[in-house]
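Everything below concerns the one structure shown next.
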Amino acid sequence: MKPIKTLTGRIEKIPHLHLHILLTEEDGVIVARCLDFSVSSHGENVEDALASLSDAISSYLDHAIKHEAMEEIIDPDEEVFWKIYRELELRDESLRIKESADVLKVEKIKDNDSALCIKGVNQKI
56 MKPIKTLTGR IEKIPHLHLH ILLTEEDGVI VARCLDFSVS SHGENVEDAL
106 ASLSDAISSY LDHAIKHEAM EEIIDPDEEV FWKIYRELEL RDESLRIKES
156 ADVLKVEKIK DNDSALCIKG VNQKI
């Protein structure tokens, strides 16, 4: 299993629910996993895998609705997949921070021109 990337998904009718999606390459196919529901699917490429996962999640939720089991839909996947997800998130965030720092260096932004926004409060740094 080769980790590819992580995504955060949403269900249109449940916008406050954020889904954790892990993409991996396994046996020559792309596997898309929704870690919150323990639902996975695959495809020849990322787009196909995500489309297939979307269909699988839809079927999963339809089944839960028909069987009045919505309280039980959250079924976290195995810890090994969550660990990979967190590692990829950390790697990607580190890359974004490095890229931002590189932009600041290139643009020669002065210290007093930088602003920090924490929870909607702007502060000079």
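If you count the sequence shown from 1, position 28 lands on 83 in our numbering, and the numbers rise without skipping. Backbone N, C-alpha and C define an ideal beta-carbon position, used for all residues, glycine too.
Just the C-alpha distance for residue i and residue j, rounded to the nearest angstrom, thanks.
i, j, result
"Val86", "Leu72", "22 Å"
"Ser149", "Ile59", "16 Å"
In the structure shown, what three-state DSSP assignment does residue i receive?
i, result
"Lys60", "strand"
"His122", "coil"
"Ile112", "helix"
"Ser93", "coil"
Cβ atoms of residue j and residue i: under 9 Å apart, would you say?
i, j, result
"His97", "Ser109", "no"
"Tyr115", "Phe92", "yes"
"Ala111", "Val94", "yes"
For residue i, does the count of other Cβ atoms within 10 angstroms reach 16, so buried, or fall short, so exposed?
i, result
"Asp78", "Strictly speaking, residue 78 in this sequence is Leu, with Asp absent from that position. Under this definition Leu78 is a buried residue."
"Thr63", "exposed"
"Ile120", "exposed"
"Ile69", "exposed"
"His122", "exposed"
Which residues does DSSP pair with residue i in a beta bridge?
i, result
"His75", "Thr63"
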